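Q:
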Amino acid sequence: MLIPMRSTFVLLALFCLLAPPLSAQQAPAANAHFQLIGLGSCAKQFKPQPILNQVVARQPDLFIYLGDNIYGDTKKMKVLRRKYRQLARKPEFKRLVAEVPVLATWDDHDYGGNDEGREYPFKEESRDIFLDFWKVPTDAPRRQHAGIYDAQVYGSPGQQVQVILLDTRSFRDGLLPSDGKPWKNNYRPNESPDSTFLGAEQWAWLEAQLRVPADLRIIASSNQFSHTYNGWESWTNVPRERDRMIELIRTTRANGVVFISGDVHWGELSRQEVDGGYPLYDLTSSGITQTWPSTEPNDNRVGEVIRENNVGFLAIDWDAAEPTLTFSLVNVEGKTVLEHQVGLAELQWQ
């Protein structure tokens, strides 16, 4: 039976409206052996994303989306779903998730609104859309608590990599606006002991995770951790919480902790010295489609700031006489624009 053309268009439109979002590949297997991990953030779903081809070309064992994976910026869940579908239809994204295992956390724009924290009124609905899109199984522990934080250890003893995905949105208090000098840009630090970045339940969960045996721990935080204050969103706006993280790493004697972050629309590597401990590196890769016209000083910066589109990589050489970790950023032409190597033995409590 022939269907009139107008009816066909109506059916197609209805299907697009009601169909669940296209979704990404499953997470890596628990026994996956990681030697190369990719990372990136800040990808507007309506822009071309050719830099993802550089990820596919390198065939990493895992790619971690660090947030702003779409720019939803809405309180309408139909709009949020539609924007996820727009990302899922992009050829570069489809190629990536077909060939590379993917994990993800979120930042403000895919959470729901610019710089939003726990006050965002649709965080539960947005959470369900996020978990469905990224194919988190219905019985996964990640679905059994508020927010989207998660952790998993991959590989065999001696070469175990723990991936910790923080949720820096669902529980975070509102930030304090900048009042001018000496503060700048949007925010000033909040010194209140009651201010929180992760919330009580996520902090308790994180402490338990840092006590799980692992040789390298990658903490994925959508916001930067190891840099110095710049007035934009970051852990430096809640310095007591930042100190709490450092102290938690100290008290749990967690070895091999490195941070990865996004959000700021530039790339850099930061190194935070820790009294009596090892330095905390933070590789920032941002963004897949976004750039920023200027950057801020960072006394903890290692090497140059990268102002062009970039993705990041962590390369682990387990077979070296002294195993090493290499941080790098790569541009859309495939050129390595930042690189720094550190021995894993340097990321240990003595």
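Per the working numbering, residue 139 is the first one in the sequence shown, and the count goes up by one each step.
Backbone N, C-alpha and C define an ideal beta-carbon position, used for all residues, glycine too.
Source: prediction; values computed, not measured.
Do residue 474 and residue 480 count as a contact pair if the criterion is CB distance below 8 Å?
A: Cβ distance not < 8 Å, so residue 480 and residue 474 don't count as in contact.
Q: Should the stretch 239 to 255 be called in touch with the stretch 197 to 213, which here means at least 3 C-beta pairs below 8 Å?
A: A contact exists between the stretch 239 to 255 and the stretch 197 to 213.
Q: Rank 249, 233 and 174 by C-alpha distance to the C-alpha of residue 208 and give the top, closest one.
A: Per the Cα distances, 249.
Q: Go ahead and pull the three-state DSSP assignment for residue 367.
A: It is coil, neither helix nor strand.
Q: Considering just the uninterrupted stretch of the beta strand (DSSP E) at residue 443, what are its terminal residues?
A: Looking at the DSSP string, the run of the beta strand (DSSP E) that includes residue 443 is 439 to 444.
Q: My parser needs the beta strand (DSSP E) runs of 3 or more residues fully inside the stretch 398 to 466; what are they?
A: Qualifying beta strand (DSSP E) stretches, in chain order: 405 to 410, 418 to 422, 439 to 444 and 449 to 455.
Q: Applying the 10 Å Cβ sphere with the 16-neighbour rule, what's the burial state of residue 278?
A: When all chains shown are included, residue 278 counts as exposed.
Q: Does DSSP put residue 384 in a helix, in a strand, or in coil?
A: Helix, per DSSP.
Q: Output yes or no for whether 8 Å exceeds the beta carbon distance between residue 327 and residue 375.
A: Taking 8 Å as the Cβ cut-off, residue 327 and residue 375 qualify as a contacting pair.
Q: Tell me whether the stretch 415 to 423 and the stretch 390 to 404 touch, counting them as touching only if at least three CB pairs, one residue from each stretch, are closer than 8 Å.
A: Yes: the two stretches touch, three or more of their Cβ pairs being nearer than 8 Å.
Q: Should residue 162 go down as buried or exposed, given a rule of 16 or more other Cβ atoms within 10 Å for buried?
A: Here residue 162 scores only 49 on pLDDT, less than 50, and its place in the model should not be relied on; the value that follows carries that caveat. With 16 or more Cβ atoms within 10 Å of its Cβ, residue 162 is classed as buried.
Q: Going by other Cβ atoms of all chains shown within 10 Å of its Cβ, with 16 needed for buried, is residue 334 buried or exposed?
A: Buried, by the Cβ-count rule.
Q: Quick one: complete beta strand (DSSP E) runs, 3+ long, within the stretch 160 to 238?
A: Qualifying beta strand (DSSP E) stretches, in chain order: 174 to 178 and 200 to 203.
Q: Name the two residues that bound the continuous alpha helix (DSSP H) containing residue 348.
A: From DSSP, the alpha helix (DSSP H) with residue 348 extends over 338 to 348.
Q: Quick check on this structure: which residue in 389, 440 and 450 has the alpha carbon closest to the alpha carbon of residue 488?
A: With distances taken between Cα atoms, residue 488 lies closest to 389.
Q: Taking Cβ positions, are residue 260 and residue 285 nearer each other than 8 Å?
A: No, the Cβ-Cβ distance between residue 260 and residue 285 is not below 8 Å.
Q: Taking the DSSP output, what are the residues bridged to residue 304?
A: Partner(s): none; residue 304 has no beta bridge.
Q: Take residue 187 and list the residues in its own chain whose beta-carbon comes closer than 7 Å to its own, dropping the five residues that flank it on each side.
A: Answer for residue 187: 181, 228, 230, 231, 426 and 427, listed in chain order.
Q: How far does the beta strand (DSSP E) with residue 288 in it extend, from its first residue to its last?
A: 288 to 292 is the span of the beta strand (DSSP E), which, as asked, contains residue 288.
Q: Straight-line CA distance for residue 358 to residue 193?
A: Cα-Cα distance, rounded: 18 Å.
Q: Thinking C-beta only, is residue 237 closer than 8 Å to residue 197?
A: The answer is yes: Cβ separation under 8 Å.
Q: Can you tell me the Cα-Cα spacing of residue 226 and residue 452, whole angstroms?
A: Answer to the nearest angstrom: the Cα atoms are 25 Å apart.
Q: List the DSSP bridge partners of residue 299.
A: Answer by DSSP bridge pairing, in chain order: 292 and 354.
Q: Start and end of the alpha helix (DSSP H) containing residue 329?
A: First-last for residue 329: undefined, no H or E at that position.
Q: Hey, quick one: how far does the beta strand (DSSP E) through residue 478 stretch, first residue to last?
A: Unbroken beta strand (DSSP E) run through residue 478: 474 to 481.
Q: Could you give the distance in angstroms between the alpha-carbon of residue 421 and the alpha-carbon of residue 179?
A: Computed Cα separation, rounded: 12 Å.
Q: Using only CA atoms, which one of 423, 476, 166 and 477 lies nearest to residue 290?
A: Here the closest residue by C-alpha is 166.
Q: What do you reckon, are the CB atoms on residue 252 and residue 366 nearer than 8 Å?
A: No, the pair does not count as a contact, with Cβ atoms beyond the cut-off.
Q: Starting from residue 241 and walking both ways along the beta strand (DSSP E), at which residues does that stretch end?
A: That run of the beta strand (DSSP E) goes 240 to 242.
Q: With a threshold of 16 other CB atoms inside 10 Å of the CB of residue 338, please say whether the residue is buried or exposed.
A: With fewer than 16 Cβ atoms within 10 Å of its Cβ, residue 338 is classed as exposed.
Q: Determine whether the Cβ of residue 323 lies closer than 8 Å to any Cβ atom of chain B.
A: No chain B is part of this structure, which consists of one protein chain only.
Q: Please list the terminal residues of the continuous alpha helix (DSSP H) segment that includes residue 265.
A: Note, residue 265: alpha helix (DSSP H), 261 to 271.
Q: Roughly how many whole angstroms lie between the Cα atoms of residue 168 and residue 297?
A: Between residue 168 and residue 297, the C-alpha separation is close to 13 Å.
Q: With a CB to CB cut of under 6 Å and the five nearest residues on each side skipped, what residues in its chain are close to residue 221?
A: Only 183, 208 and 210 meet the Cβ criterion.
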